[in-house]
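Here the sequence shown stands for residues 1 to 400, numbered as in UniProt numbering.
Even for Gly, the Cβ is constructed at its ideal location relative to N, Cα and C.
Treat the numbers as computed from the prediction; the structure is a model and nothing was measured.
Here is the structure we will look at, set down as structure tokens.
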Amino acid sequence: MAFYRQVGDVPPKRHTQHRAPDGALYYEELMGEEGFNSDSSLLYHRGVPSAIVDSAVWELPDLATTPNHPLRPRHLKLHELFGGQDWKSNDVVTGRRLVLGNADVRLSYCVAGEPSPLYRNALGDECVYVEAGAALVETVFGAVGAKQGDYVVLPRATTHRWVPQGGEPLRVYCIEANSHLGPPRRYLSRFGQFLEHAPYCERDLRGPAEPLLAAGSDVEVLVKHRGSGGIVGSRLVYPTHPFDVVGWDGCLYPYTFNIADFEPITGRVHQPPPVHQVFEGTNFVVCNFVPRKVDYHPLSIPVPYYHSNVDSDEIMFYCGGDYEARKGSGIGPGSVSVHPGGYAHGPQPDAYERSIGVQHFDELAVMVDTFRPLELGEGGLAAEDPGYAWTWAGRGPANP
């Protein structure tokens, strides 16, 4: 995170005694990144944060992946993954279905109606986009509300849970990093402040405003972490509730950012994808495409030019509006397009000419570009539209 926050009750000097009104000593926890050489926060607990009374295996859902081979573009219809009333008994943590993944990032989808268990991802930061619905995200730092269009950024090892609100399905697109994730460095000063040319700033970020104190004994937390065979899960049981923090301060904490607060960068001719970037992690970036005025050169072609991103796979999650470049392909809200490195892609043929003269695009999409190839998870394989690869040519191997 780029700036300092203080929430609740903290002592005037760090690493000094901090006591409750009855004289009991609070337990200070330093939560820091990169061996305490990067952002950190100090949290003050009522109980000992390292005390556990049990540890058992948590069997994770299917995280196996299948290579995109032979190479081809793909269309995944994520709204088909949760049919009927299945979502009502589902939760955001245990109900995720893996769509795509590699060694740097995993993309999952979930529709939920139930509160999740307490959960901690010890592998990396999570960035969860709320496609529809609303939730209260309870964390060890306090609670943040999440609504449609929000990115919820959760630092690595933040204990939290998702509580759906309002009775409607909570639809989320989960970006799980194996690293830290934050704003693009080119938008930040050398001290971490957003610069004037950045498409969003500190005012657009919403963190916890007050402590969230909960009572309980023998409280279970699901932990996703590294193991000798890859990603594994454990169930840790704490003698007291982890949400016992009376105050904290620092630059590391969960926050939300709504996609509607992103100010698009436009130009006389079509701008390249990096102008849409909102976050970056190790070996991947996150971009969003929002409603915007498009190219205003008198001879411009507003839809994207055909392009070969030779270093990365491009994954677009379509979550609202009308997709001018994709008309005729079958893509709509809830779709994911997979355009892998080694394949030139762009608008559907009719859309190229049809876009001339258009002044505004009403589209909403979240894009993840990865610099190592992505493989298909079980959710991606289950949601695939097999005819998408041939939509530019109008015929495929089964229709010569």
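- Separation of Y151 from T159, as counted between CA atoms: Residue numbering aside, residue 159 sits at position 159 when the sequence shown is read from its first letter. Residue numbering aside, residue 151 sits at position 151 when the sequence shown is read from its first letter. Rounded to the nearest angstrom, the gap between the Cα atoms of T159 and Y151 is 18 Å.
- Query: Quick one: Cα of P400 to Cα of Y173, how far?
  - Reply: Start at 1 with the first residue of the sequence shown, and residue 400 comes out as number 400. Start at 1 with the first residue of the sequence shown, and residue 173 comes out as number 173. Annotation note: pLDDT 49 at P400 (below 50); position unreliable, no value reported.
- Item | Proximal residues to T66 (C-beta, below 7 Å), its chain only, five neighbours per side dropped | Within the sequence shown, numbered from 1, the residue matching residue 66 stands at position 66. E375, L376, L381.
- Item | Whole-Å CB distance - Q6 paired with D249, under 8 Å assumed | On the sequence shown, residue 6 is found 6 positions in, with the first residue counted as 1. On the sequence shown, residue 249 is found 249 positions in, with the first residue counted as 1. Cβ-Cβ separation between Q6 and D249: approximately 4 Å, consistent with a contact (criterion under 8 Å).
- Message: Buried or exposed for A112, going by 16 or more other Cβ atoms inside 10 Å?
- Response: Within the sequence shown, the letter at position 112 stands for residue 112. So A112 ends up on the buried side.
- Item | P274, buried or exposed, once every other Cβ within 10 Å from all chains shown has been counted against 16 | Start at 1 with the first residue of the sequence shown, and residue 274 comes out as number 274. Exposed, since its Cβ has fewer than 16 Cβ neighbours within 10 Å.
- For G83, three-class secondary structure by DSSP: Taking the first residue of the sequence shown as position 1, residue 83 is located at position 83. It is coil, neither helix nor strand.
- Message: Suppose you measure from the CA of E210 to the CA of G8; what does that come to, to the nearest Å?
- Response: Working through the sequence shown from its first residue, we reach residue 210 at position 210. Working through the sequence shown from its first residue, we reach residue 8 at position 8. A direct Cα-to-Cα measurement between E210 and G8 gives close to 6 Å.
- Message: Report the start-end ranges of each alpha helix (DSSP H) in the UniProt domain "Homogentisate 1,2-dioxygenase C-terminal" (289 to 359) that is 4 residues or longer and not cut off at the edges.
- Response: Taking only runs of at least 4 residues, the alpha helix (DSSP H) segments lying wholly in the UniProt domain "Homogentisate 1,2-dioxygenase C-terminal" (289 to 359) are 349 to 354.
- Whole-angstrom distance between T240 and P12, CA atom to CA atom: Against the sequence shown, residue 12 aligns to sequence position 12. Against the sequence shown, residue 240 aligns to sequence position 240. P12 and T240 have their C-alpha atoms spaced approximately 27 Å apart.
- Skipping 5 residues on each side, what residues in its chain have a beta carbon closer than 8 Å to that of P71? In the sequence shown, the residue the question calls residue 71 occupies position 71. The question names Pro, but residue 71 in the sequence shown is Leu. Closer than 8 Å at the Cβ level, and outside the excluded window around L71, lie P340, G342, Y343.
- I think S179 touches T282, with their Cβ atoms under 8 Å apart; what is that distance to the nearest whole Å? Along the sequence shown, one-based indexing puts residue 179 at 179. Along the sequence shown, one-based indexing puts residue 282 at 282. Cβ-Cβ separation between S179 and T282: approximately 4 Å, consistent with a contact (criterion under 8 Å).
- Is the Cβ-Cβ distance between P264 and V246 less than 8 Å? Locating residue 264 in the sequence shown gives position 264, counting from the first residue. Locating residue 246 in the sequence shown gives position 246, counting from the first residue. In this structure, P264 keeps its C-beta atom at 8 Å or more from the C-beta atom of V246.
- Item | Per-residue burial, L43 [other beta carbons within 10 Å of its own, 16 or more giving buried] | Taking the sequence shown and counting its residues from 1, one reaches residue 43 at position 43. With 16 or more other Cβ atoms within 10 Å, it is buried.
- With DSSP as the reference, please indicate the residues paired to F194 in a beta bridge. As a working note, residue 194 is residue 194 in the sequence shown. The secondary-structure analysis by DSSP pairs F194 across a beta bridge with L188.
- Task: Could you please give me the residues that DSSP links to R226 through a beta bridge?
- Result: In the sequence shown, counting from the first residue as 1, residue 226 sits at position 226. For R226, which the question treats as bridged, DSSP gives the partners I231.
- Task: May I have the straight-line CA-CA distance separating C319 from V366, to the nearest angstrom?
- Result: One-based indexing of the sequence shown puts residue 319 at position 319. One-based indexing of the sequence shown puts residue 366 at position 366. About 7 Å.
- Item | Three-state secondary structure (DSSP) of H276 | Counting from 1 along the sequence shown, the entry for residue 276 is found at position 276. Per DSSP, reduced to three states, the secondary structure at H276 is helical.
- Message: Buried or exposed for D91, going by 16 or more other Cβ atoms inside 10 Å?
- Response: Locating residue 91 in the sequence shown gives position 91, counting from the first residue. Burial state of D91 is buried, judged by a 10 Å Cβ sphere holding 16 or more other Cβ atoms.
- Starting from A135 and walking both ways along the alpha helix (DSSP H), at which residues does that stretch end? By one-based count along the sequence shown, residue 135 stands at place 135. Counted as a single uninterrupted DSSP element, the stretch harbouring A135 is not any alpha helix (DSSP H) but the beta strand (DSSP E) occupying residues 134 to 139.
- Closer than 6 Å by C-beta to T126: which residues in its own chain qualify, once you throw out the five before and the five after it? Chain order, please. Here residue 126 refers to the residue found at position 126 of the sequence shown. The identity of residue 126 in the sequence shown is Glu, whereas the question assumes Thr. Cβ within range, chain order: L154, E176.
- Span separating the alpha-carbon of G207 from that of P298: In the sequence shown, residue 207 corresponds to position 207, counting from 1. In the sequence shown, residue 298 corresponds to position 298, counting from 1. Separation of G207 and P298 (C-alpha to C-alpha, rounded to the nearest whole angstrom) is 44 Å.
- Cβ shell of Y200 (< 6 Å), same chain only, five flanking positions each side left out: Position 200 of the sequence shown holds residue 200. Answer for Y200: D261, F262, listed in chain order.
- Item | Buried/exposed call for D54, threshold 16 Cβ in 10 Å | By 1-based counting over the sequence shown, the position of residue 54 is 54. Taking all protein chains in view, the Cβ of D54 is surrounded by fewer than 16 other Cβ atoms within 10 Å, so the residue is classified as exposed.
- Query: At what residues does the alpha helix (DSSP H) containing L381 begin and finish?
  - Reply: Here residue 381 refers to the residue found at position 381 when the sequence shown is read from its first residue. Going by DSSP, L381 is part of the alpha helix (DSSP H) stretching over 378 to 382.
- Cβ-Cβ distance between V336 and F317 below 8 Å: Counting from 1 along the sequence shown, the entry for residue 336 is found at position 336. Counting from 1 along the sequence shown, the entry for residue 317 is found at position 317. Yes, the Cβ-Cβ distance between V336 and F317 is below 8 Å.
- Item | Reference V223; option with closest CA among I231, S217, G216 | For the purposes of this step, residue 223 is taken as the residue at position 223 of the sequence shown. When only C-alpha atoms are compared, the closest one is I231.
- Message: Do V338 and D313 count as a contact pair if the criterion is CB distance below 8 Å?
- Response: Taking the first residue of the sequence shown as 1, we reach residue 313 at position 313. Taking the first residue of the sequence shown as 1, we reach residue 338 at position 338. The answer is yes: Cβ separation under 8 Å.
- Which partner residues does R203 have in the DSSP bridge list? Counted from its first residue, the sequence shown places residue 203 at position 203. According to DSSP, which records beta bridges pairwise, R203 is partnered with nothing at all.
- Item | Member of G35, A215, Y109, A143 whose CA lies at the smallest distance from the CA of Y129 | Working through the sequence shown from its first residue, we reach residue 129 at position 129. When only C-alpha atoms are compared, the closest one is Y109.
- Task: Consult DSSP for D62 and reduce its assignment to one of helix, strand or coil.
- Result: On the sequence shown, position 62 is the one that residue 62 refers to. Secondary structure at D62: coil, using DSSP grouped into helix, strand and coil.
- Query: Would you call D39 buried or exposed, if buried means 16 or more other Cβ atoms sit within 10 Å of its Cβ?
  - Reply: Your numbering for residue 39 matches position 39 in the sequence shown. Under this definition D39 is a buried residue.
- Message: Taking 8 Å as the threshold (beta carbon to beta carbon), is E28 in contact with chain D?
- Response: The structure shown contains no chain D; it is built from a single protein chain.
- From what residue to what residue does the beta strand (DSSP E) around F243 run? Locating residue 243 in the sequence shown gives position 243, where the first residue counts as 1. Note, F243: premise wrong, no beta strand (DSSP E); not H, not E.
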